[in-house]
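J.: For the protein sequence lines, the chains are A and B, in the order given.
Note that this note's numbering gives residue 26 to position 26 of the first sequence, counting from 1, and the numbers run on in steps of one.
Throughout, this note's numbering is defined as the position within the second sequence, counted from one, plus 137.
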Amino acid sequence: MDPSELYAEVIIDHQKNPRNYGELENKDKEVKLTNSSCGDEIFLQVKFDGDRIQDIAFYGRGCAISTASASIMTELVKGISKEKAEELYEKFVEMARTGKAPSSELKDARVFQGVSKYPLRVKCATLAWHALEKVIE
Amino acid sequence: MACRPESDVEKDFPILSTVFEDGRRLVYLDSAATTQKPKSVIERITHFYESENANVSRGAHKLGAIATSEYAKARETVARFIGAKPEELIFTSGTTESINAIAYGWGEENVHPSDEIVVLVSEHHSNFIPWQQLARKCGADFKIVDVKPDGTVDLDVFRKAVTSRTKIVAFAHVTNTFGVIHPVREMIEIARSKGAVTVIDGAQSIPHISTDVKEIGMDFLAFSGHKMLGPMGIGGLYISKRRVNEMRPFFTGGGMIDNVEDNFTVFAHPPEEYEAGTPNVAGAVGLATAIEYLEKLGMVCILDSDRTLLEYAYKKLDKIEGLTLYGTRDFEKRIGVLSFNIKGVHPHDVATILDAHGVAIRSGHHCAQPLMKHLGIFYTSRASFYVYNKKEDIDILVDAIKDVKERFS
Ligand SMILES: Cc1ncc(COP(=O)(O)O)c(C=O)c1O
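1. Using the beta-carbon of each residue, which ones in chain B are nearer than 8 Å to leucine 6(A)?
2. Assuming lysine 82(A) and aspartate 51(A) are in contact, meaning their beta carbons sit under 8 Å apart, how far apart are those beta carbons, in whole angstroms?
3. Taking the DSSP output, what are the residues bridged to isoleucine 65(A)?
4. Between the Cα of lysine 480(B) and those of Ile533(B), Arg544(B), Val437(B), spot the shortest distance and give me the residue it belongs to.
5. Please state the DSSP three-state secondary structure of glycine 435(B).
6. Does alanine 450(B) have its Cβ less than 8 Å from a Cβ in chain A?
7. Out of Arg61(A), Phe58(A), Ala85(A), Ser69(A), which one is the CA nearest neighbour of valine 10(A)?
8. Is any heavy atom of ligand 1 found at a distance shorter than 7 Å from the C-beta of glycine 367(B)?
9. Quick check for students: name the residue ranges of the beta strand (DSSP E) that lie wholly in the segment 233 to 282 of chain B, counting only runs of 3 or more.
10. Note the first and the last residue of the continuous beta strand (DSSP E) segment covering leucine 33(A).
11. With DSSP as the reference, label alanine 139(A) as helix, strand or coil.
12. Return helix, strand or coil for isoleucine 80(A), following the three-state DSSP convention.
13. Helix or strand or just coil, what does DSSP make of serine 521(B)?
14. Of all the CB atoms in chain A, is at least one closer than 8 Å to the CB of histidine 483(B)?
15. Note down the Cα distance separating lysine 199(B) from alanine 427(B), rounded to an integer number of angstroms.
16. How is glutamine 45(A) classed by DSSP in three states: helix, strand or coil?
17. Please determine whether the Cβ atom of glutamine 341(B) lies at a distance below 7 Å from any heavy atom of ligand 1.
18. For alanine 204(B) and tyrosine 375(B), I'd like the C-alpha separation in whole angstroms.
19. If we ignore side chains and look at the alpha-carbon of each, how far apart do histidine 319(B) and phenylalanine 308(B) end up?
20. Let me make sure I understand the geometry here. Which of Gly316(B), Ile219(B), Val306(B) has the alpha-carbon closest to that of histidine 503(B)?
21. Report the rounded CA-to-CA distance for lysine 210(B) versus alanine 419(B), giving the unit in angstroms.
22. Determine, using beta carbons only, whether glycine 201(B) comes closer than 8 Å to chain A.
23. Hey, quick one: how far does the alpha helix (DSSP H) through valine 215(B) stretch, first residue to last?
24. Decide yes or no for the touch test of the segment 330 to 347 of chain B against the segment 271 to 288 of chain B: beta carbon pairs closer than 8 Å, at least 3 of them.
25. For alanine 466(B), tell me which candidate among Thr300(B), Thr289(B), Ile239(B) has the shortest Cα-Cα distance.
26. Can you check which of these residues, Tyr449(B), Arg212(B), Thr489(B), is closest to aspartate 532(B) by C-alpha distance?
27. Run down chain B in chain order and give the residues with a C-beta less than 8 Å from the C-beta of isoleucine 12(A).
28. Measure the Cβ-Cβ separation of serine 78(A) and asparagine 35(A) and say whether it is below 8 Å.
29. When you measure from the CB of aspartate 338(B) to every non-hydrogen atom of ligand 1, does any distance come out below 7 Å?
30. Are there three or more Cβ pairs, one per stretch, closer than 8 Å when the segment 290 to 301 of chain B is compared with the segment 251 to 263 of chain B?
31. Taking C-beta to C-beta, are phenylalanine 228(B) and isoleucine 343(B) nearer than 8 Å?
32. Beta carbon of threonine 171(B), beta carbon of histidine 363(B): below 8 Å?
33. Which class does alanine 131(A) belong to by DSSP, given the choice of helix, strand or coil?
34. Just curious, the alpha helix (DSSP H) that alanine 493(B) is in, first and last residue?
35. Please classify valine 156(B): does DSSP put it in a helix, a strand, or coil?
36. Short of 9 Å Cβ to Cβ, which residues in the segment 36 to 62 of chain A face chain B?
Structure follows, in structure tokens:
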């Protein structure tokens, strides 16, 4: 299997320069999730404006896949409604697990379509999204 | 006697001729997790199920007699391999069960409040959690002895940690993280001088180092068949004569009794006392065949080959920038385990890219979170070698590591 598909340029770029990385000054909520198979952890913080995700940030420890996925996820959901974010969450998780053609709404997150071929790495790609689902519930 | 070249040994292992869809061959460097099996072991297990399968020590028919006698022969072979008597060798499912059997069977009977249980920080979770839990249950102190950053133990620190209150000292002869060989004789001597009982996790040592339990003098030794060319689901527990009367069986049930009354049971003598239920006979005969194979290769040759490969790998990897290699550089104190990190790259990413080169390694905390946290590294990539690995495997590993570096640079 050619790893170039999994380690696409976009992913390496987000891993090196993760967006929305760090802590929010005035967060409303924070969740922490751990990937039990490797001990990686993500802290996800959000600031809400009513039903809208006004601001979002993450930090923690992770591999290229989980870091890039978190970075891309935060870009996608910043500024949208919780309901819309929940919808993206479901679409992303389904794509990562099955490899099914993703909806165009997932934008950059579509690079993770190929992760389904690496069953041990699916958890890495979905970790941040599971954290998102928890933080908006 | 000359050692067989690894490239010749490799031919005995059917799985090692695997070629993946992309034309790359399998380079198996994960033997510390589990080893591959030679044809002789696979055939022995098949032969058992095709021609000898019956339950042991129950019933009088011909197959039952064959299975019982093959099981007994297997016990003799495994016991002899570690210098024990057959009645001192219990078959278990592996190291984890063996250690739990000691913690419950000996520990709960003999550990009291204000006793101490001493382990090294570098223990595998299998030789850490059972003692941590036992200490909690019995109100004993759980003492964790530090190791040096190179993974070796400082005997002075160890000596100070073991006191007259110490009931159990448990540690691995060889660590699974960095493949460091601890000075087992000296450490046991220290423990015994304080009257402590010694439990040796031999999961990584028995496959690589010729071991004589009488000469080393431990009270308990645990090991796994699958890490020494044998099948999964079989392992050993050596219980020295000194301790056997201080124990209670961990499991009770069929096959381990002399007599059962309504209100009490008279247990059989060891080893049967500690083998409740139908044993893994196919596993036991498979393990005995694996041992015969190892003996034919020669344990000295196995350790020699480990070190040749390790030194070869170090020479090549030392030239690559941004690579950290863990464990002492005194190769006399190492088996064929190579733990490393590439600056700025997570071990899971390393493993995935190596996998694309056909190279199978392990990444993560290697079931040794206390050590990883203590050293502040969280995880490593680990390549581990065994009898079938050759220099060419290292060459492919090194090229794959270079590819990882390029992708992430
Ligand atoms: C040092 C050490 N102890 C214990 C174990 C546990 O062995 P098993 O899983 O075969 O019970 C292992 C294997 O991973 C090990 O390397």
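Ideal Cβ placement from N, Cα and C applies to all residues, glycine included.
T.: Let me lay it out:
1. For this step, residue 6(A) is matched to residue 6 along the first sequence. Ordered by position in chain B, the residues that pass the 8 Å Cβ test against leucine 6(A) are Thr489.
2. Within the first sequence, residue 82(A) is the residue found at index 82, counting from 1. Within the first sequence, residue 51(A) is the residue found at index 51, counting from 1. Contact holds; Cβ gap of about 5 Å.
3. Against the first sequence, residue 65(A) aligns to sequence position 65. Answer is none; isoleucine 65(A) lacks a bridge partner.
4. Taking the second sequence and counting its residues from 1, the one referred to as residue 480(B) is at position 343. Here the closest residue by C-alpha is Arg544(B).
5. Numbered from 1 along the second sequence, position 298 holds the residue referred to as residue 435(B). Glycine 435(B): coil per DSSP, three-state reduction.
6. Stepping through the second sequence from its first residue, residue 450(B) is reached at position 313. Not a single CB atom of chain A sits nearer than 8 Å to the CB of alanine 450(B).
7. The sequence position of residue 10(A) within the first sequence is 10, counting from 1. Of the residues Arg61(A), Phe58(A), Ala85(A), Ser69(A), the one whose Cα lies closest to the Cα of valine 10(A) is Ser69(A).
8. Within the second sequence, residue 367(B) is the residue found at index 230, counting from 1. Not under cutoff, so the answer is no.
9. Runs found: 253 to 257, 278 to 282.
10. Indexing the first sequence from 1 puts residue 33(A) at position 33. Where leucine 33(A) is concerned, the enclosing beta strand (DSSP E) stretches over 29 to 35.
11. This structure leaves residue 139(A) out entirely; chain A is present only between 1 and 137.
12. Along the first sequence, one-based indexing puts residue 80(A) at 80. DSSP places isoleucine 80(A) in coil when its eight states are reduced to three.
13. Residue numbering aside, residue 521(B) sits at position 384 when the second sequence is read from its first letter. DSSP places serine 521(B) in strand when its eight states are reduced to three.
14. Start at 1 with the first residue of the second sequence, and residue 483(B) comes out as number 346. At least one beta carbon of chain A lies nearer than 8 Å to the beta carbon of histidine 483(B).
15. As a first step, residue 199(B) must be located in the second sequence, where it is residue number 62. As a first step, residue 427(B) must be located in the second sequence, where it is residue number 290. Approximately 26 Å between the Cα atoms of the pair.
16. As a first step, residue 45(A) must be located in the first sequence, where it is residue number 45. Under the three-state reduction of DSSP output, glutamine 45(A) falls in the strand class.
17. Locating residue 341(B) in the second sequence gives position 204, counting from the first residue. Distances between the C-beta of glutamine 341(B) and the heavy atoms of ligand 1 include at least one below 7 Å.
18. Along the second sequence, read from residue 1 onward, the residue named residue 204(B) stands at position 67. Along the second sequence, read from residue 1 onward, the residue named residue 375(B) stands at position 238. Near 22 Å, if we compare the C-alpha coordinates of tyrosine 375(B) and alanine 204(B).
19. For this step, residue 319(B) is matched to residue 182 along the second sequence. For this step, residue 308(B) is matched to residue 171 along the second sequence. Using only the alpha carbons, I get a separation of about 9 Å.
20. On the second sequence, residue 503(B) is found 366 positions in, with the first residue counted as 1. For histidine 503(B), the nearest C-alpha among the options comes from Gly316(B).
21. Sequence index remark: in the second sequence, residue 210(B) carries index 73 (1-based). Sequence index remark: in the second sequence, residue 419(B) carries index 282 (1-based). Looking at the backbone, the Cα of lysine 210(B) and that of alanine 419(B) are separated by about 12 Å.
22. Translated into positions along the second sequence, residue 201(B) becomes position 64. No, because no Cβ of chain A sits closer than 8 Å to the Cβ of glycine 201(B).
23. The residue you call residue 215(B) lines up with position 78 of the second sequence. Here the alpha helix (DSSP H) through valine 215(B) covers 199 to 218.
24. Touching, no.
25. Counting from one through the second sequence, the residue named residue 466(B) turns up at place 329. Going by the sequence as given, residue 466(B) is arginine instead of alanine. When Thr300(B), Thr289(B), Ile239(B) are compared, the shortest CA-CA separation from arginine 466(B) is found for Thr289(B).
26. The residue given as residue 532(B) occupies position 395 in the second sequence. When only C-alpha atoms are compared, the closest one is Tyr449(B).
27. Your numbering for residue 12(A) matches position 12 in the first sequence. Arg544, Phe545, listed in chain order.
28. Within the first sequence, numbered from 1, the residue matching residue 78(A) stands at position 78. Within the first sequence, numbered from 1, the residue matching residue 35(A) stands at position 35. The question names serine, but residue 78(A) is lysine in the sequence shown. Taking 8 Å as the Cβ cut-off, lysine 78(A) and asparagine 35(A) do not qualify as a contacting pair.
29. For the purposes of this step, residue 338(B) is identified with residue 201 of the second sequence, where counting begins at 1. Judged by the Cβ position, aspartate 338(B) qualifies as a neighbour of ligand 1 at the 7 Å threshold, a heavy atom of the ligand being closer than this.
30. With a cut-off of 8 Å, the segment 251 to 263 of chain B and the segment 290 to 301 of chain B count as touching, because enough Cβ pairs lie within range.
31. Sequence index remark: in the second sequence, residue 228(B) carries index 91 (1-based). Sequence index remark: in the second sequence, residue 343(B) carries index 206 (1-based). 8 Å or more divides the Cβ of phenylalanine 228(B) from the Cβ of isoleucine 343(B).
32. Taking the first residue of the second sequence as position 1, residue 171(B) is located at position 34. Taking the first residue of the second sequence as position 1, residue 363(B) is located at position 226. Result yes, Cβ atoms of threonine 171(B) and histidine 363(B) sit closer than 8 Å.
33. Taking the first residue of the first sequence as position 1, residue 131(A) is located at position 131. The three-state reading of DSSP puts alanine 131(A) in helix, counting H, G and I together.
34. Position 356 of the second sequence holds residue 493(B). Alanine 493(B): member of the alpha helix (DSSP H) spanning 484 to 493, first to last residue.
35. Taking the first residue of the second sequence as position 1, residue 156(B) is located at position 19. In the structure shown, valine 156(B) sits in a strand (DSSP, three-state: E or B).
36. Of all residues in the segment 36 to 62 of chain A, only Ser37, Cys38, Gly39, Asp40, Arg61, Gly62 place a beta-carbon less than 9 Å from a beta-carbon of chain B.
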